[in-house]
Amino acid sequence: MRRWFVLLASALTPLFAFAQTELAEWNGTSGGQLGQRVVGAGDLDRDGTPDFALGERDSIRVISGRTRASLHTFVAPQPGRGFGKVFEFGDCNGDGWPDLIASAPGTSTFGPDSGTVWVISGRNLQPLLVLHGTTPTERFGETLVLLGDVTLDGREDFAVSSPGWNSATGRVRVFSGSNGTTLLEIAGTQPYRRFGEVMASVGNVAGDARRELGVALRATAYLSDEIEVWSLESNTLLHTLITPQFRSFGCVGDANSDGLDDMILLPHGPGTYPTFRLLYGGGGIQGAVASDTIGQPAFELGFSGLADYDGDGLAQEILVGVNDEYLSAPGEVRIYRGLQRIGTIYDATNSLNDAFGQSLAPVGDLDGNGSVEFVVGAPNASEVLHSYGDGRAVLLSAVTPAPVEYCTAKPNGLGCVPNLSHTGSASLTGASSLTIAVDGVLNRKSGLCLWGPNRQELPFEGGYLCVAAPFRRGSLANSGGSAAGDDCTGRLQFQFSAPTLWLHGVNVGDLLRAQFWYRDPLHVDGTGVGLSSAFEIRIGW
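For what it's worth, our numbering labels the leading residue of the sequence shown as 1392, then goes sequentially.
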């Protein structure tokens, strides 16, 4: 595990009251750029927990959300043609299993860069559909977008772009997921504007209960970037948005609670460009600009739709990845509630060129704690000296689990059983600190906290030793309590502060175990030792 860094907004801004935790990490090899795309894949192994996929050059790894093990790797039918960069999962054949829809725009079935899209069964891994571009250089499959059930046959339908078609005029075709029939074709009308180079579902911005499709036209020397919003129900152009230059856009959900989905627009940066724009759904599609700026040259920005990342029961947070360009600053993932930034997750490696945040995706509530876990890709990360672009992906949680009690406490000489409690959570950044305490110990007796990375339940001095070597000892403290006589009013506590954790080399994601020892001269076993039960503690940001 690596150390992760979070910079929270000012004290006047509502903040997460918890740390954040790395749950798992995967590393690529040999310039494969693992994490160039990350996608939630649904429940592919039917174990009740959502799974996810990591794209890399010429392959797509599917990872179990429950075990974090690899379930399957889809390998490019034609290597070196872009497979692994553009893919989604949806049920195209109606069998209840998510199917893989993936493209390779550089294939050459009908000439160089004509492009291919495959639909592969998530149930038996067999090809369901193979679709091809029809002309050289059209780059069929440059982008593809899930559209839901356009034909109302219970199957996932999807759109595929060909931005190089017809002298880079570009076109978009909508396909039936069940049989590959072309349902709709939208052709660009202006050469060299690469209609469809960027494309996304923009949700239901028109209020017709169907998803709309947003298609970009790229700027020329005389024309700005534009986004055309098309109705798939009526095959009509609903809106044309003339915008500042942007890298990508998409649907975030209903950010302003008006019943219509809203769009997010991610600009190039740097400087005074906003981190993003929210374009609210409806007849005018009004824009609202975030209050802070990118502040660094941005290579490519990733984003997620609205989800409940903080576990408060409300799906109202957005993740925006801002990764580096020109070796200017490490990449980061910013956490927004509406237009207000409430937290920033910095790259654990502090690398200047690993593209951390270029791709990110919500996965689902994998551990049942009420918050959505998410995957972040860093496709340019290097794990081996002198290599470049091996890639890395991390599974993160925005909520640190509460300490878990284990082992058995030893009743003291007066028959009282020590009781553990805790407040806060363990954070390496000072977002919060964890205090553990034990009540019901003998009054006015000295004691300390014993803690370390290893767990055991070993019979010891009439009780159990719950922390295995190597371990650390906290400072000796007095239990206090009643000033006279012997009773069980004593209390000991220990704080896991950020400086304490850093000083002892603890990393984000580490597990620690902690137990209290104290003097007990009243116990009939004559050992003079009192022992509490123990906590297992996960360390967060």
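From the three backbone atoms N, C-alpha and C, an ideal C-beta is built for every residue, glycine too.
Close CB contacts of A1591 within its chain, under the 7 Å cut and outside five residues either way in sequence, are with V1536, G1605, F1640, G1641, C1642 (chain order). Counting C-beta pairs closer than 8 Å gives fewer than three between the segment 1909-1921 and the segment 1781-1794, which falls short of the contact rule.
C-alpha of E1927 to C-alpha of A1905: approximately 7 Å in a straight line. Secondary structure at N1557: helix, using DSSP grouped into helix, strand and coil.
Between P1753 and A1698, the gap from beta carbon to beta carbon is short of 7 Å. In this structure, L1519 sits away from N1570, with a CB-CB distance that is not shorter than 7 Å. The beta strand (DSSP E) runs lying completely inside the segment 1581-1624 and spanning 3 residues or more are 1590-1594, 1603-1608, 1616-1622, given in chain order. In the displayed model, A1860 falls within coil according to three-state DSSP, outside both helix and strand.
L1786 has its alpha-carbon roughly 14 Å from the corresponding atom of D1901.
One Cα belongs to T1464, the other to L1751, and the distance between them is close to 19 Å.
Spanning the alpha carbons of L1867 and F1885 requires a straight line of approximately 10 Å. Selection R1602, L1623, S1615, E1624 evaluated against D1653 yields R1602 as nearest (Cα-Cα). According to the DSSP assignment, T1507 belongs to the beta strand (DSSP E) that extends over 1507-1511.
Just measuring C-alpha positions, the residue of V1832, R1459, Q1424 sitting nearest D1438 is R1459. For P1753, the enclosing beta strand (DSSP E) has its first and last residue at 1750-1755. In the structure shown, T1891 falls within a helical segment according to DSSP collapsed to helix, strand and coil.
At a Cβ-Cβ threshold of 7 Å, A1550 and F1480 do not count as neighbours. A Cβ-Cβ contact shorter than 7 Å links C1798 with E1848. Each of A1646, G1702, N1714 was checked against the Cα of G1696, and the nearest Cα belongs to A1646.
The three-state secondary structure of G1921, taken from DSSP, is strand.
In this structure, DSSP gives N1647 a state outside helix and strand, which the three-state scheme calls coil.
Taking a contact as a CB-CB distance under 8 Å, the pair F1443 and I1454 counts as one, their CB atoms being some 6 Å apart. As computed with DSSP, Q1906 is found in a beta bridge with L1841, A1925. Using a C-beta cut-off of 8 Å, the segment 1722-1729 makes contact with the segment 1707-1714, since at least three inter-stretch Cβ pairs fall below that distance. A straight-line Cα-Cα distance of about 47 Å links R1514 and I1827. Secondary structure note for G1481: its beta strand (DSSP E) is the uninterrupted segment 1478-1481.
The Cβ atoms of G1446 and R1428 sit closer than 7 Å to each other. Where N1810 is concerned, the enclosing beta strand (DSSP E) starts and stops at 1810-1814.
In the three-state scheme derived from DSSP, where H, G and I count as helix and E and B as strand, W1417 is classed as strand. Just measuring C-alpha positions, the residue of V1593, S1742, G1755, D1486 sitting nearest A1769 is S1742. Taking 7 Å as the cut-off, the Cβ atoms of G1473 and P1496 count as close.
Separation of T1560 and A1817 (C-alpha to C-alpha, rounded to the nearest whole angstrom) is 55 Å. In this structure, the straight-line span from the alpha carbon of L1670 to that of V1593 is close to 10 Å. Counting the other Cβ atoms within 10 Å of the Cβ of E1576 gives fewer than 16, which makes it exposed. In the DSSP assignment, E1533 falls outside any beta strand (DSSP E), carrying neither H nor E. The residues G1594, D1652, D1653, G1696, L1697, A1706, in chain order, have a CB closer than 8 Å to that of G1644 in the same chain once the five nearest residues on each side in sequence are set aside.
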